[in-house]
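Visitor: If you count by my numbering, then the sequence shown holds residues 4 to 122, one letter each, in order. Please find one structure pasted underneath; my questions will follow.
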Amino acid sequence: MAHFAKLDENNLVIFVTVGRDEDNGKEAELSARTGDVYKQTSYNTHGGVHTLGGTPFRKNYAGLGYTYDASRDAFIPPKPYASWVLNENTCLWSSPVPYPTDDKRYSWNEATTSWVEMV
Numbered sequence: 004m005a006h007f008a009k010l011d012e013n014n015l016v017i018f019v020t021v022g023r024d025e026d027n028g029k030e031a032e033l034s035a036r037t038g039d040v041y042k043q044t045s046y047n048t049h050g051g052v053h054t055l056g057g058t059p060f061r062k063n064y065a066g067l068g069y070t071y072d073a074s075r076d077a078f079i080p081p082k083p084y085a086s087w088v089l090n091e092n093t094c095l096w097s098s099p100v101p102y103p104t105d106d107k108r109y110s111w112n113e114a115t116t117s118w119v120e121m122v
């Protein structure tokens, strides 16, 4: 089943819908038929990896608030914090400090740009 993201004039995803099977691979036709801009998205793609072993498509499944970047042909989620940087391979945001690996739970503190243990 095909999934499509409707984009606004800034390439911001404003709606994601399940398309008709016959629309698979035909985003230009869907856009022409509706008068809106649609880009196909893969429900099974996250961080540039297809979760079922298939071919990844546009780096990430589109969500509300994501941006479609035409130069990367990728959907990029909203930036969660000002200090985070875009991973060019996954088109996901990464913290400037790696998440601790001690099996404790942490939340990000933007003021100190560090992970703070949740108690």
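Note that CB positions come from ideal geometry on N, CA and C, so glycine has one too.
1) Can you find the residues in the same chain that come closer than 6 Å, C-beta to C-beta, to Val19, ignoring five residues on each side of it along the sequence?
2) Between which two residues does the alpha helix (DSSP H) harbouring Glu32 extend?
3) Going by DSSP, name the residue or residues bridged to Thr93.
4) Report the residue ranges of all beta strand (DSSP E) runs contained in full by the stretch 11-85; include only those spanning at least 3 residues, in chain order.
5) What does a CB cutoff of less than 6 Å around Thr70 pick up in its chain, not counting 5 residues either side in sequence?
Guide: Checking against the coordinates, here is how it stands:
1) Cβ within range, chain order: Ala8 and Ala65.
2) Glu30 to Thr37
3) Bridge partners of Thr93 according to DSSP: none are assigned.
4) 16-21, 40-44, 70-72 and 77-79
5) Asn14, Leu15 and Ile79
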